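Working notes, structure below.
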Amino acid sequence: MATKKLRGRSLAQRLAAGAIAIATVGALAACSSGTSSSSGDSGPSGKLQILVSSADASDAAFRAVDAAFEKKYPKVNVVLSSVSNDNYPATKSSRLTAGNVDLFVVKGMWETPSYAKSSESDDVRLAKAGGLLDLSKQSFMKKYTPTVLSAQAIGGKQYAVPTGVSYSTGIYYNKAVFQKYGLSVPTTWDEFTKVIDELKAKGVTPFGVGGKDGWPAGLPMLGSVGSLYPSASDKKALAKSLWTNETKLTDKLPTKVLDQTETVLENAQQGAAGAGYDSIPAGFAAGDYAMVPDGTWNEPTIASAVGSKFDFGYFPFPGSDDAKDNAYLNGKIELQLAVPTSSKNQTAALAWLKFFSQASNYKGFLEKSGFSSAQPDISTSAFLKSIAPYTEKYQPAWDQIWVANNKAGQDAVYPFNYPALKPLGSSTPEQAAQAAQTAWAAAF
């Protein structure tokens, strides 16, 4: 998630792969000198291997930073590896095991609640095992917003640079289509379903969804949780009550999350289950559908696809019957970058992070990636300014709070079992909820 936050394989699979990586990295860290490949030069040199999870906009942003970095440090050869989100966990594990990565994206970097300590993310366990470089005393870390750093601190230490903040619970909409049919931006669930019905009545497909990649189809689920459990404390209470079995996934409100998610999925374009995520911006631009549930990270790609003649907007998923619960977008800290202690070129990795963190370079990265700033006093794009009323209060998305139990079954990973819903699967919301509850209960 995101999540982007829901991206990639199941958390259970990621944790299993992470366990192997941690054990191996500990040995590599012990024998690694941790020095640069430069030989007494004043600046960094040698090969700098960077591994990131793939997205068109952020990939382009990383490439731009890499080019500028190589221009400043011509003795460095930056090798950027961008891996699909589905394959990233396994690739990360193998690269760490082989010791051939100097800077990479870590995920799930927040303190795990005491009730779920056994299910810490693989990267948190990697940090605690000594596999990540402690960046706390690096001067460039002072450039980042204290509250963002606080949210990602592990044991009071900083192990990653936050590349930005993204919001994952919004809906892009075609303003021309809305204007043509006299539709207003919905602020409640009832208004939202009426918009869907009116679009269908006019022969317009309401949503475009890239179900082939798995995780994009889960974005409506994040939106629903964000509305039905609108504050961070609401989400934390839900997570804890699920872990203590005071709440069941078959209860009324958790089942409603799946019901709302199904509403979006069943009103998506024909063939949504097999559609790739990367195909959605072009379909949106072509008018194949009126709305797209997606994160703010994809805005540059959408804007590039649609061109200046296409006017689109963005609003929070309106899952609640109370408009006040739908007033804010939920978000996440984006693509956190860490240096493994097994890195063969820590000097270049740290130089790259320092270069990246400089205001001019960082601003350029934000403009290309579509991320909101994780540094104070950095001006934002026109799009981000347009959604400012929805981001005045930062609310973490569900995937930034929920910790899966790695002893639970596949149906309880998120734990809202959206992959079982039609058209991705064959279950009703009630059946999907029951399967999730059964898988969850099996862990205790």
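1656 is the number that the numbering used here gives to position 403 of the sequence shown; each next residue is one higher, with no gaps.
By construction, the Cβ of each residue, glycine as well, lies at the ideal position given by its N, Cα and C atoms.
None of these values were measured; they are calculated from a predicted model.
Cutting at 8 Å between CB atoms, please list the residues of its own chain near residue i, excluding the five before and the five after it.
{"i": "residue 1571", "result": "1439, 1440, 1441, 1442, 1444, 1445, 1480, 1579"}
{"i": "residue 1680", "result": "1670, 1673, 1674, 1688"}
{"i": "residue 1402", "result": "1394, 1411, 1415"}
{"i": "residue 1575", "result": "1441"}
Is residue i near residue j, with beta carbons less than 8 Å apart?
{"i": "residue 1605", "j": "residue 1322", "result": "yes"}
{"i": "residue 1211", "j": "residue 1380", "result": "Coverage of the chain is limited to positions 1254 through 1697, which leaves residue 1211 absent and any answer about it impossible."}
{"i": "residue 1334", "j": "residue 1303", "result": "yes"}
{"i": "residue 1476", "j": "residue 1533", "result": "no"}
{"i": "residue 1367", "j": "residue 1550", "result": "no"}
{"i": "residue 1384", "j": "residue 1601", "result": "no"}
{"i": "residue 1459", "j": "residue 1530", "result": "no"}
{"i": "residue 1663", "j": "residue 1692", "result": "yes"}
{"i": "residue 1590", "j": "residue 1358", "result": "yes"}
{"i": "residue 1644", "j": "residue 1420", "result": "yes"}
{"i": "residue 1596", "j": "residue 1355", "result": "yes"}
{"i": "residue 1577", "j": "residue 1650", "result": "no"}
{"i": "residue 1301", "j": "residue 1614", "result": "no"}
{"i": "residue 1537", "j": "residue 1461", "result": "yes"}
{"i": "residue 1616", "j": "residue 1631", "result": "yes"}
{"i": "residue 1511", "j": "residue 1690", "result": "no"}
{"i": "residue 1473", "j": "residue 1399", "result": "no"}
How would you call residue i, buried or exposed, if buried means at least 16 neighbouring beta carbons within 10 angstroms?
{"i": "residue 1377", "result": "buried"}
{"i": "residue 1281", "result": "In this prediction, residue 1281 scores a pLDDT of 38, lower than 50, which makes its location untrustworthy; no coordinate-derived value is stated."}
{"i": "residue 1658", "result": "buried"}
{"i": "residue 1548", "result": "buried"}
{"i": "residue 1327", "result": "exposed"}
{"i": "residue 1539", "result": "exposed"}
{"i": "residue 1497", "result": "exposed"}
{"i": "residue 1638", "result": "exposed"}
{"i": "residue 1293", "result": "Any reading at residue 1293 is ruled out, since the residue's pLDDT is 45, under 50, leaving its predicted position unreliable."}
{"i": "residue 1554", "result": "buried"}
{"i": "residue 1642", "result": "exposed"}
{"i": "residue 1697", "result": "exposed"}
{"i": "residue 1471", "result": "buried"}
{"i": "residue 1432", "result": "exposed"}
Give every residue of the same chain whose Cβ lies closer than 6 Å to the Cβ of residue i, excluding the five residues on either side of it in the sequence, and list them in chain order.
{"i": "residue 1295", "result": "none"}
{"i": "residue 1491", "result": "1482"}
{"i": "residue 1500", "result": "1494"}
{"i": "residue 1515", "result": "1674, 1682"}
Next item on the list: Let me know the alpha helix (DSSP H) ranges lying completely inside the segment 1510-1581, each 4 residues or longer, listed in chain order.
Entry: Qualifying alpha helix (DSSP H) stretches, in chain order: 1533-1538, 1552-1559.
Next item on the list: Would you check if there are 3 or more beta carbon pairs closer than 8 Å linking the segment 1407-1416 to the segment 1614-1630?
Entry: Yes, the segment 1407-1416 is in contact with the segment 1614-1630.
Next item on the list: Determine, using beta-carbon pairs with one atom in the segment 1661-1670 and one in the segment 1505-1518, whether at least three such pairs fall under 8 Å.
Entry: yes
Check: Where are the beta strand (DSSP E) runs, 3 residues long or more, that stay fully inside the segment 1352-1417, in chain order?
Finding: 1356-1359
Item checked: 4 or more residues per run - each alpha helix (DSSP H) lying fully within the segment 1444-1521 -> Here the runs fully enclosed are 1472-1481, 1485-1496, 1505-1519.
Next item on the list: Scan the segment 1601-1657 and note each continuous alpha helix (DSSP H) run of 4 residues or more that stays entirely inside, going in chain order.
Entry: 1612-1622, 1635-1639
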